[in-house]
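Chemist: Before anything else, here's the structure in question.
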């Protein structure tokens, strides 16, 4: 579900790049579609928007879901799509982006129902759109997923009930998304998919000692269909890989392997007090010591190891 707004391009056939769009609107807008360390990032930022497709934009430190910007070569329009439900901050950001684009071009804005707005005064009732999205959330054992600016976000049945029972549902939704810590200095763990000798797909999460990481506490882990063309049925096994961290070593050797294990067994052995639940599927986890990791792996500490801990 979403709401799309169309801004006519008076410069057609010229189409701006993502970087040109961001420079035009100014402020703290950025893209969320491509990782900052992607080797193709600069090329993507400079190519015309219609050559890339659908770019996820938003505001640094603010956006809950961001908004989608694309270009229609047939209609000569920049199209801004706001997801339903999005946060109030997402809507303020999207409407600000649209208004700056429209006023620069000197054009009006039209939405998908044909409603026309002055470029500097878009009066769309976004709170109604958010409320509609909240009412449309479906309960289920696996949770209700939406896609945030940085990662998927899951609502459990209890989360949905709590938001719907709030005096101000929109604020309750905003607060839930804000609590996801998407813009904090946390490592969002993404699965790596490999094939074994039997050509079966294995999903692997990597955890590093002392690094605060976001990853699933439910099994099986959710697969982000916006990034991977896979289903749960395609994945034979899920595992977790543990690495140590030693700043004294060279860059190539700073993350020596401690071990790996079945993901479901990892969750079963993980102490409840270590789990900081963020939503209905994801947690923030930090394993502070090598001993904690070895305990999860089922390794026994040697006598010498116990003696060393005394000093």
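Numbering (my numbering), first residue to last: 4 to 314.
Ideal Cβ positions, reconstructed from N, Cα and C, are used throughout, including at glycine.
1. At the level of alpha carbons, what is the spacing between residue 313 and residue 249?
2. Spell out the partners DSSP gives residue 244 in its beta bridges.
3. Buried or exposed for residue 93, going by 16 or more other Cβ atoms inside 10 Å?
4. If I follow the unbroken beta strand (DSSP E) through residue 61, where does it start and stop?
5. For the segment 100-111 against the segment 7-22, are there 3 or more C-beta pairs whose distance is under 8 Å?
6. Go ahead and pull the three-state DSSP assignment for residue 85.
7. Measure from the alpha carbon of residue 174 to the alpha carbon of each residue in 207, 88, 199, then state which is nearest.
8. What three-state label does DSSP hand residue 268 in the structure shown?
9. Could you give the residue range of the alpha helix (DSSP H) that holds residue 179?
10. Per DSSP, which one or two residues make a beta bridge with residue 279?
11. Counting only the same chain and skipping the five closest in sequence on each side, list residues whose C-beta sits under 8 Å from that of residue 192.
12. Return the residue from the list 30, 121, 36 that minimises the CA-CA distance to residue 229.
13. On the three-pair Cβ rule with 8 Å, is the segment 37-47 touching the segment 73-92?
14. Mind listing, in chain order, the continuous alpha helix (DSSP H) runs of no fewer than 4 residues lying wholly within the segment 103-191?
15. Distance check for residue 246 and residue 306, CA to CA, integer angstroms please.
16. Pull up the distance between the alpha-carbon of residue 6 and that of residue 134, whole angstroms please.
17. In the DSSP assignment, the beta strand (DSSP E) including residue 34 goes from what residue to what residue?
Modeler: Inspection of the coordinates gives the following:
1. Residue placement at residue 313 cannot be trusted, given a pLDDT of 39 that sits under 50; what the coordinates show is reported in the next sentence. Taking the straight line from one Cα to the other gives about 21 Å.
2. 209, 263
3. Residue environment: residue 93 is assigned as buried (16 or more neighbouring CB atoms within 10 Å of its CB, all protein chains considered).
4. 58-62
5. yes
6. strand
7. 88
8. helix
9. 172-181
10. 287
11. 208, 209, 210, 216, 217, 218
12. 36
13. no
14. 129-138, 160-168, 172-181
15. Here the model assigns residue 306 a pLDDT of 39, short of 50, so the residue's position is not dependable and the matter cannot be decided.
16. One Cα belongs to residue 6, the other to residue 134, and the distance between them is close to 13 Å.
17. 32-34
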